[in-house]
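Heads up: the protein sequence lines correspond to chains A and B, in order.
Residue 376 in the UniProt record's numbering sits at position 376 of the first sequence, with consecutive numbering throughout.
Residue 304 in the UniProt record's numbering sits at position 304 of the second sequence, with consecutive numbering throughout.
C-beta atoms are modelled at their ideal positions from N, C-alpha and C, and glycine is treated no differently.
Remember, it's a predicted structure, so these values are computed and weren't measured experimentally.
Read the structure below first, then the notes.
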Amino acid sequence: MASLLQVENISKSFVGIRALSEVGLSVEAGEIHALLGENGAGKSTLMKILCGVYQPDSGLIAIDGVEHHFAGYKDAVHAGIGIVFQEFSLIPHLNAVENIFLGREKRNALGLMQRGLMRGEAEAILQRLGVAIPLHMPVASLSVAQQQFIEIAKALALNARILILDEPTATLTPSEAEHLFTIMRELKRQGVAMIFISHHLEEIFQVCDRITVFRDGRRIGDRDVAATNVDELVEMMVGRRIEKSFPPKPEVGTSHEIVLDVQELQLDKRSPVNSFQLRKGEILGFAGLVGSGRTETALAVIGYEPAVRKTMQVRGKPASIRDPSEALANGIGILPESRKTEGLITPFNVRSNITLNNLAKYRRWGMLVDRGRERQGALDAMRRVRVKANSTETVVETLSGGNQQKVVIARWLDHHADILIFDEPTRGIDVGAKAEIYQIMRDLTAKGLSIVMISSELPEVVGMCDRVAVFRQGRIVGTLESPQITPENVMRLATAGESHEQQ
Amino acid sequence: MSSNNLDVARPADPSPLPSGSASVGSASVGNPFQTFRHSPIFFPLIGLVAVIVIMIFASGSFFSVANLTNVMRQVSINAIVAVGMTFVILTGGIDLSVGAVMALAGTIAAGMMVHGFEPVLALVVGLGVGFGFGLFNGLLVAYARMPPIIVTLATMGVARGLALMYSGGYPISGLPKWMRFFGNGAVWGVQTPIIITLVVYLVAWVVLERAPFGRYVYAIGGNETATRLSGIKVGRAKLIVYAVSGLTAAIAAIVLTSRLMSGQPNAGIGFELDAIAAVVLGGTAIAGGRGSVIGTLIGALLLGVLNNGLNMMGLDPYVQNVIKGGIILLAIFIGRERRA
């Protein structure tokens with residue numbers, strides 16, 4: 001007999017970039033099937049194809065042996081596929097019943113809503129899940145877990161037989177996750193097939209039957225949970241990578257002078273307390289999965305995001321930094337994650353973007369900007385990072401992504417700030433520009449600057465960092481020194497929370 | 001290619017290029033007309049010239065020295081208020097309280113003079129009231145993080161109420177004779193309000209184009225998050241911006257009080273809207289980040305010429321309002337940002 005869901009040879013490209021290459025997946029009724037892979041491995045693309053958001057370039061999707069083509073989300077829902085996205089689609093000020101029946105309210109002959117009928121059906125579904133949720137309260141006032149259960153109920157109300165759960169545990173506490181697993185096991189008993197996306201291996205071992213591993217848009221293989229282990233899965237996820245050319249790392253142990261000592265940092269009452277040290281002249285990596293708390297930690301250090309506990313020393317002196325301007329006064333600068341929305345002043349030209357927070361250098365008569373010197377300074381910085389623009393007066397909106405990024409980096413070249421936080425410095429940048437940015441970073445550290453680099457790209461973390469702090473669910477679970485910095489060790493810490501040595 | 005708000009390559013740029021950066025300068029200026037064509041004051045200037053030409057044909061007495069001087073004097077009060085409004089709008093904010101702050105500053109200054117205080121002290125207190133009120137707006141916007149439109153809508157009511165309370169609702173007259181100087185006097189044949197206007201614009205221009213603070217004003221409107229992350233004191237800059245708006249409202253109040261020779265608690269009603277119209281007609285983006293005070297001066301002149309010309313043509317005032325509104329819409333439609 002055919003599988004409940006059979007996916008074969010699906011390929012999908014976006015403007016010339018291949019996101020999926022002939023991938024397959026088969027899920028039986030009553031099976032919980034894990035989908036595993038790095039960020040960008042193609043899991044989300046496949047899920048969006050399964051729920052009709054994207055159309056595949058080739059390949060087929062069959063349910064109960066019958067081939068389906070989904071022109072849109074509605075077709076997929078009609079065929080029995082339900083999805084719970086990471087970002088909930090609930091309307092916050094409506095209650096659970098109103099959300100479950102949103103857009104297909106039951107009406108009587110007069111066109112009025114049959115509230116009692118809908119309420120009864122909602123209750124029946126939630127009972128099937130074995131959860132009790134106050135039905136009259138706006139969902140915004142419920143917990144994240146309860147909202148997620150409502151999402152699941154919404155999918156089941158549409159008669160979903162295949163339920164896709166996209167990183168459902170990312171926002172849950174451990175006990176809430178346990179509750180979710182109980183619900184999943186109950187649905188499994190009722191014959192619902194589930195595709196479970198998670199980066200946390202122990203959850204997968206706890207609740208799933210089978211695992212399919214993706215890497216770089218390809219299906220690497222599948223395993224029975226009972227017949228595999230963490231090592232094998234990490235190996236499948238990481239694979240053998242082609243070494244990219246990174247500038248050589250300096251000899252380790254040249255300096256142990258600590259320039260930034262974060263002794264205690266807690267973002268909110270429920271999150272863990274972290275600590276880390278940045279040494280003079282090193283590149284310290286912040287590795288981990290998207291959403292593991294790296295950016296939040298960096299933003300809390302510079303005072304952009306609040307923290308409930310923060311004790312830190314900058315160059316040996318206690319510093320309480322409550323705003324990025326105070327961070328700058330302490331010599332700490334940031335290259336933000338999103339250059340368009342957080343880095344560049346888009347209507348400005350190259351010069352004004354580079355000199356924005358460095359105008360004091362070009363002052364004359366104590367208060368005005370000496371534009372000749374400012375232009376020269378901007379031109380020097382622009383040349384050093386090789387920004388391809390006609391002049392310092394070119395508006396940055398017209399530049400390519402890589403050049404825009406270099407403009408934001410150029411801001412820090414001749415700056416008094418000597419502790420820099422680079423958040424995803426090469427995201428969305430072509431290979432040539434990447435290599436140039438790596439070289440700039442090494443030049444900066446050679447001059448004695450210290451860099452924290454947040455990166456989601458394993459090869460970059462391994463190729464560039466002198467030390468790596470690995471984040472998992474908001475916690476720094478380990479710090480790797482040079483010989484231990486391997487893709488396997490980083491991935492192991494990020495997904496399973498343990499390193500080889502600890503086993 | 002560039003709608004450059006920092007006027008780096010504007011042909012009128014009075015600062016000589018240093019020889020060291022000649023290569024940069026020549027690369028950026030390119031065709032001077034092209035640069036001017038894309039500067040934010042291009043459309044406002046065309047509009048002003050067009051309206052002037054139309055008025056010359058429509059009314060024989062429009063283009064006389066006496067009438068043009070009259071226009072400039074009438075424009076001055078709105079033009080001064082619009083300077084502070086330009087600062088605020090460049091950061092992406094708005095200040096609805098300026099008209100009411102004018103009334104408050106004007107009545108307090110007039111009241112102090114009538115009650116025999118040192119006249120200079122009265123003027124300084126009047127200016128201080130405007131500045132202080134602006135600071136209060138700024139505190140609420142910058143540090144309490146309240147939306148500017150709501151903050152200044154509320155403080156508009158507060159300032160107007162305080163002005164009415166202080167004056168008992170009646171104009172305060174009986175001001176010393178020399179007070180006429182600010183609104184009706186002249187220096188070497190040039191009307192004082194015109195001189196005050198030009199001085200205010202010159203100072204504002206230098207600050208916006210040449211001082212780091214001016215750069216921050218544009219940066220905040222261009223991308224507040226990026227500005228804050230780069231380490232600029234965004235809160236402090238916003239605070240100052242609203243204080244400047246209060247101060248220019250108070251300067252305008254002194255001119256108005258002098259013109260009327262009385263402190264009027266009902267003065268300045270609707271002036272905030274004229275000031276906003278001047279700023280926007282002058283090519284400053286309502287979302288902030290782009291624009292200039294030179295544009296605002298052109299916008300204020302445009303409004304003034306329109307008012308004067310329609311009057312000279314003897315049009316019904318009700319009809320004038322409709323025509324003015326239509327022209328503002330048309331001007332903004334033509335000059336609106338074209339994004340790829």
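Check                                                                                                                               : Outcome
CA nearest to the CA of L163 (chain A), picked from A:P247, A:N229, A:V408 and A:G30                                                : A:G30
C-alpha distance - R54 (chain B) paired with V255 (chain B), whole-angstrom precision                                               : Residue identity check: residue 54 (chain B) is Ile in the sequence provided, not Arg. Answer to the nearest angstrom: the Cα atoms are 30 angstroms apart.
Supposed close pair I454 (chain A), F286 (chain A) - CB separation, criterion 8 angstroms                                           : 4 angstroms
Residue 537 (chain A) - containing beta strand (DSSP E), residue span                                                               : Residue numbering for chain A in the displayed model covers 1 to 503; residue 537 (chain A) lies beyond these limits and cannot be assessed.
Residue from A:G288, A:G448, A:R339 and A:V273 whose Cα sits closest to the Cα of V308 (chain A)                                    : A:V273
C-beta contact flag for K310 (chain A) and A300 (chain A) at 8 angstroms                                                            : yes
Inter-residue spacing [alpha-carbon to alpha-carbon] between S21 (chain B) and T91 (chain B)                                        : With a pLDDT of only 34 at S21 (chain B), under 50, the local geometry of the prediction cannot be trusted, and no value is derived from it.
Which of helix, strand or coil DSSP assigns to K269 (chain A)                                                                       : coil
Rounded distance between the beta-carbons of D323 (chain A) and G343 (chain A), thought under 8 angstroms                           : With a Cβ gap of about 18 angstroms, G343 (chain A) and D323 (chain A) do not count as contacting.
Within chain A, the residues that I232 (chain B) reaches when beta carbons sit closer than 9 angstroms                              : P324, S325, L328, L356 and N357
Rounded C-alpha distance that separates A82 (chain B) from P171 (chain B)                                                           : 25 angstroms
Buried or exposed (CB count within 10 angstroms, at least 16 for buried), E251 (chain A)                                            : exposed
Within 8 angstroms, strictly: CB atoms of G130 (chain A) and I183 (chain A)                                                         : yes
Minimum Cβ-Cβ distance from S175 (chain A) to chain B less than 8 angstroms                                                         : no
Same chain, Cβ closer than 6 angstroms to N308 (chain B), five either side skipped, listed in chain order                           : V71
Members of the region 364 to 388 of chain A near chain B, C-beta cut-off 7 angstroms                                                : M367, L368, V369, R371, G372, R375, Q376 and L379
Cβ neighbour criterion (16 or more within 10 Å) applied to H33 (chain A)                                                            : buried
For P483 (chain A) and E424 (chain A), the rounded distance between their alpha carbons                                             : 23 angstroms
Chain-ordered neighbours of R210 (chain B) on chain A, where CB pairs are closer than 9 angstroms                                   : M367, L368, V369 and R371
G478 (chain A) - partner residues in DSSP beta bridges                                                                              : A:V470
Beta-ladder partner(s) of residue 504 (chain A), from DSSP                                                                          : Nothing in the structure corresponds to residue 504 (chain A), since chain A is present only between 1 and 503.
For A204 (chain B) and K324 (chain B), the rounded distance between their alpha carbons                                             : 27 angstroms
Residue-level contact to chain B via CB, T346 (chain A), 8 angstroms cutoff                                                         : yes
Secondary structure of T197 (chain B), DSSP reduced to three states                                                                 : helix
Nonlocal neighbours in the same chain, by C-beta distance under 8 angstroms from F213 (chain B), ignoring five residues either side : V207, A237 and I240
For I197 (chain A) and R475 (chain A), the rounded distance between their alpha carbons                                             : 21 angstroms
Distance between D216 (chain A) and D370 (chain A) (C-alpha atoms, nearest Å)                                                       : 50 angstroms
Straight-line gap, S64 (chain B) to E118 (chain B) (C-alpha atoms, nearest Å)                                                       : 40 angstroms
Among A:T295, A:I100, A:E481 and A:P459, the one whose alpha carbon lies nearest that of E282 (chain A)                             : A:E481
Reduced DSSP secondary structure (H/G/I, E/B, other) of L444 (chain A)                                                              : helix
Uninterrupted beta strand (DSSP E) stretches inside the region 27 to 85 of chain B (no shorter than 3 residues)                     : none
Assigned exposure category for N159 (chain A) - 16 Cβ within 10 Å defines buried                                                    : exposed
Straight-line Cα distance separating V396 (chain A) from I17 (chain A)                                                              : 26 angstroms
Closest residue to Q473 (chain A) among A:V290, A:T486 and A:P306 (Cα-Cα distance)                                                  : A:V290
For P336 (chain A), the nearest candidate out of B:R73, B:T225, B:R180 and B:I220 (CA to CA)                                        : B:T225
Straight-line gap, I150 (chain A) to D75 (chain A) (C-alpha atoms, nearest Å)                                                       : 22 angstroms
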